[in-house]
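**Student:** Position in the sequence shown (first residue = 1) + 291 = our numbering. From the three backbone atoms N, C-alpha and C, an ideal C-beta is built for every residue, glycine too. It should be emphasised that the depicted structure is a prediction, and the values quoted were computed from it without experimental measurement.
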Amino acid sequence: MTHVALDLQADFVEKRLSGTATLTVDRQPGATELVLDTGNLEILRVTDRRGAALAYALAEEDSILGRALIVTLPAPTEPVVVTYRTAPTSAALQWLTPEQTAGKRLPFLYSQGQAILTRTWIPTQDSPGIRQTYEARIGVPRDLRAVMSAESLTPDGTLVGQDRAFEFRLTEAIPPYLIALAVGDIRSQSLGPRSGVYAEPAVLKAAAFEFADLEQMVEAAESLLGPYRWGRYDLLVLPPSFPFGGMENPRLTFATPTVIAGDRSLVSLAAHELAHSWSGNLVTHATWSDFWLNESVTTYVERRIMEAIYGVERAEILEVLAWRDLQEEMKRLGGPSSRDTVLHIDLEGRDPDDGATLIPYEKGAALLRLMELTVGRPSFDTYLRSYIDRHAFQPITTAAFLADVRANLVRGDPALEAKLRLDEWAYQPGLPPNAIEPRSAALDRVEAAARAFAAGTTASSLKAHAWGTQEWQYFLGALPDALSPAQLADLDDTFGLTGKGNSEVLFAWLRIAVRHHYAPAMPALERFLTSQGRRKFLRPLYGDLCARTWGKPEAKRIYAEARPLYHSAVTSTLDAMLAE
Ligand SMILES: [Zn+2]
292 MTHVALDLQA DFVEKRLSGT ATLTVDRQPG ATELVLDTGN LEILRVTDRR
342 GAALAYALAE EDSILGRALI VTLPAPTEPV VVTYRTAPTS AALQWLTPEQ
392 TAGKRLPFLY SQGQAILTRT WIPTQDSPGI RQTYEARIGV PRDLRAVMSA
442 ESLTPDGTLV GQDRAFEFRL TEAIPPYLIA LAVGDIRSQS LGPRSGVYAE
492 PAVLKAAAFE FADLEQMVEA AESLLGPYRW GRYDLLVLPP SFPFGGMENP
542 RLTFATPTVI AGDRSLVSLA AHELAHSWSG NLVTHATWSD FWLNESVTTY
592 VERRIMEAIY GVERAEILEV LAWRDLQEEM KRLGGPSSRD TVLHIDLEGR
642 DPDDGATLIP YEKGAALLRL MELTVGRPSF DTYLRSYIDR HAFQPITTAA
692 FLADVRANLV RGDPALEAKL RLDEWAYQPG LPPNAIEPRS AALDRVEAAA
742 RAFAAGTTAS SLKAHAWGTQ EWQYFLGALP DALSPAQLAD LDDTFGLTGK
792 GNSEVLFAWL RIAVRHHYAP AMPALERFLT SQGRRKFLRP LYGDLCARTW
842 GKPEAKRIYA EARPLYHSAV TSTLDAMLAE
C-alpha cells in the first residue's frame, strides 16, 4: 500500500463511519491478490475505480488480528476501492455523547490507531513497517469540525446540505497507526508561527496557557535532531476519556486534558509527543517487537527538550521519578527475569498492546542515557542526529539499530563495545549491571523528608510548601506501606491532598488512600475514576482496589458506572481484571 484516499461520512446517531477507501498498491510483477487487515468492518463492495466488481473474500476471524480481506487485484495500474462501514463498537473509534465532553452540548468522535486498531476503521495493511501517504474527505454534522493528522485543506469545511465536509492531505508517508481523526466542537488558538492548540471551547484558554512553550520545544528538538519535517505542529486536547497521555499523530498530537495542571508542571508530555515527530514518525519500528526503538529515543529526547527549556534540575527530577517507576514496573511484570522486561519483546500469539509497558520507554531510555554518558554528549548527539537522517521515512528493526550503533558509534572499539553490552540490553530481561542510576539532589531532600515523616515528624514541619508536582509525586511514592490513620489525616489536613486538582499528585495520593482504606478520600477516588479515562491512572487504581476484600465490590460498582466513559484500550484491560 502506498496511498489511501478516504471518503467517509460520520453518523453520530448510528455511531458509524461509512464510505470508501481507495487504495493504491505497489505490486510485484505477477501479483494477483491484495491482503488487507480488517477488524469488525462491514465490507459492502470491492471494485476498481470505475465501479467494476472485484472478487474478494473475508478470512476466518482471529481474536487479535481481526479478519484478512483478500481481494483479487484489478489491472496493474488500477487502485482498489473498498466500500464499507465501521461497527458502532469499532475498537479504534470512541463516540462520545455530549455529556461525556467538556462542553456538554455536542457529541465528539476520536480515533486511536496504535497499536493495531486502524484496521477497525480503515481496511489497510496495518503494520508499522508499511508506509503510505493519505488524503481524506470527511463529512460531519454541520455544527461540528473534523481534524486529522494531516494538512487541513478546508479549515472551515464546506457546507453540503445538513453536513459539513472537511478535506485533508498528508504528503509524507506514514505507517497506518498514525492516521487519526477527531470530530467535535473543536476550536483552535495559535501559539507560534507553526504551532497551536486545538480543544473544545471550554478548555481552549487553559490549554493555550498550559502549552505556551510549544514553539520553543519544537526549536529545542530541532537543534538536537534536525529540521522538523511535517510543516505545522499542533496539539489537540481531547475530552477526558482519552485513554493515553498523548498520541503522536503527525502534525496533530492528541493529548489528555489530565495534563492541564494550570502551572505547566506536566508539559513533559508535549515534549515527548513532539519528539516522536523524529523517533517513531520519521524512523519507525518495523514490527511491534521493535516498539522500544520508537519509545526509548523519544523518552530520551523528551528529557533533553525539558533540560533545554526548564534546566538540568527539572530534567534530573523527571529522570529519577521515571527510574523509580521502572523499578516498580519490573516488579509488576514478574521481576528482572520476566520475558516481558526484554526490550525486543516476543509478542508471538499476543496482542501487541501487551508490550506497551514502561519497559520500552524507561529501560530503553536508560540504554540511551548510558550511551550518552559513555561516549560523551557531543559524540552522542552527533550520532543521534545522523541516525535519524540515515533512517528517515523508513522502518527499523532491533538488529538494524544495533548494527547502526556499531557501524557509526562503536566503530570497532572493543573497549566501548564491552562497556555498552548492547546485546544484553536489547535481548535479555532485567536491567544490565552497567545501567546508571540517575540522581537528583532535590529529590534526595524529598526522600529524607519522607523518611522523617514515616518516623514520626509532623506534616507541618516538612517544609513542603514550595514543592512542585514532581516533588509531591516522589514524596508520596516514597512513603512506607503502613502509615497510621493519624498520619494520613495529618498529611491530608496540612496539604489538602484529597482536594488536589493536579492529576498526578491526586493519583499518587489516592493509591495511598486505597492501600490504607482512608475513608475521607473515597469520594475523591470515585470522582477521579468516573471523570477521566487515562489507562495509566485507571489500571493501578482498579488493581489496588481489586487486591483488597473491601475494594473489589467497590471497584465493580464504580466500574459499572464509569465504563461507558472509557475507551476500548482501557476496557479491554479492565474487563478481564474486574471479571475475576
Ligand atoms: Zn511515546
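#1: Can you tell which of Leu505, Asp866, Leu345 has its C-alpha closest to the C-alpha of proline 484?
#2: When every heavy atom of ligand 1 is checked, does at least one fall within less than 7 Å of the C-beta of glutamate 586?
#3: Who does tryptophan 386 pair with in a DSSP beta bridge?
#4: Do you know how far the Cα of alanine 471 is from the Cα of glycine 404?
#5: Is threonine 864 near arginine 830, with beta carbons less than 8 Å apart?
#6: Give the straight-line distance between the Cα atoms of leucine 693 and arginine 676, rounded to the nearest whole angstrom.
#7: Can threonine 589 be considered in contact with ligand 1, in the sense that its beta carbon sits closer than 7 Å to one or more heavy atoms?
#8: At what residues does the alpha helix (DSSP H) containing leucine 897 begin and finish?
#9: My assumption, with CB atoms under 8 Å, is that methionine 873 sits in contact with isoleucine 421. Please give the rounded CB distance.
#10: Pull up the distance between the alpha-carbon of histidine 808 and that of valine 431, whole angstroms please.
#11: Answer yes or no: do serine 486 and arginine 433 have a C-beta to C-beta separation smaller than 8 Å?
#12: In this structure, how does DSSP classify phenylalanine 671 when only helix, strand and coil are distinguished?
#13: Enumerated in chain order, which unbroken segments of the beta strand (DSSP E) with a length of 3 residues or greater are wholly contained in the region 558-622?
#14: Taking only three categories from DSSP, how would you classify tyrosine 809?
#15: Candidates Ser514, Val574, Phe500: which alpha carbon is nearest threonine 688's?
#16: Just list the residues that DSSP pairs valine 474 with in beta bridges.
#17: Drop a sphere of 10 angstroms on the beta-carbon of arginine 340, count the other beta-carbons inside from all chains shown, and report buried for 16 or more, exposed for fewer.
#18: For valine 592, I'd like the list of residues in its chain whose CB is within less than 6 Å of its CB, leaving aside the five on either flank, ordered along the chain.
#19: Please give the ranges of any alpha helix (DSSP H) in the region 724-772, keeping only runs that are unbroken, at least 4 residues long and fully inside the region.
#20: Given a cut-off of 8 Å, decide if glutamate 463 and aspartate 476 are closer than it, judged by their beta-carbon atoms.
#21: As a quick exercise: from Phe399, Asp616, Asp554, Ser568, pick the residue whose alpha carbon is nearest that of phenylalanine 684.
#22: State yes or no: is the C-beta of histidine 576 nearer than 7 Å to some heavy atom of ligand 1?
#23: Give me the residue from Pro723, Pro724, Val666 with the minimum Cα distance to arginine 697.
#24: Do you know whose CA, among Val805, Ala497, Ala406, lies nearest leucine 469's CA?
#25: Would you check if there are 3 or more beta carbon pairs closer than 8 Å linking the region 440-459 to the region 310-329?
#26: Does glutamine 882 come out as helix, strand or coil in the three-state DSSP assignment?
#27: Would you give the residue range spanned by the beta strand (DSSP E) that glutamine 685 belongs to?
#28: Rounded to whole angstroms, what is the Cα-Cα separation between glycine 571 and threonine 547?
#29: Three-state secondary structure (DSSP) at serine 479?
#30: Can you tell me where the beta strand (DSSP E) with alanine 296 in it begins and where it stops?
#31: Can you list, in chain order, the residues of its chain whose CB lies under 6 Å from that of threonine 329, leaving out five sequence neighbours each side?
#32: Would you tell me roughly how many angstroms separate the C-alpha atoms of isoleucine 608 and tyrosine 601, rounded to the nearest one?
#33: Could you please give the first and the last residue of the uninterrupted alpha helix (DSSP H) stretch that includes glutamine 507?
#34: Glutamate 762: beta carbon under 7 Å from a heavy atom of ligand 1?
#35: Give me the Cα-Cα distance between leucine 384 and serine 587, rounded to the nearest whole angstrom.
#36: Run the proximity test for histidine 567: is its beta-carbon closer than 7 Å to any non-hydrogen atom belonging to ligand 2?
**Tutor:** In terms of the structure at hand:
#1: Leu505
#2: yes
#3: Leu400
#4: 7 Å
#5: yes
#6: 16 Å
#7: yes
#8: Only positions 292 to 871 of the chain appear in the structure, and residue 897 is not among them; the question remains open.
#9: Residue 873 lies beyond the residue range present for the chain, which begins at 292 and ends at 871; the question has no answer from this structure.
#10: 47 Å
#11: no
#12: helix
#13: 574-576
#14: coil
#15: Val574
#16: Leu400, Ala437
#17: exposed
#18: Ala566
#19: 732-745, 760-769
#20: no
#21: Ser568
#22: no
#23: Val666
#24: Ala406
#25: no
#26: With the chain represented from 292 up to 871, any question about residue 882 goes unanswered, as that position is not in the structure.
#27: 685-687
#28: 20 Å
#29: strand
#30: 294-302
#31: Gly357, Arg358, Leu360, Arg410, Pro414
#32: 11 Å
#33: 505-516
#34: no
#35: 27 Å
#36: Of the ligands this structure carries, namely ligand 1, none is ligand 2.
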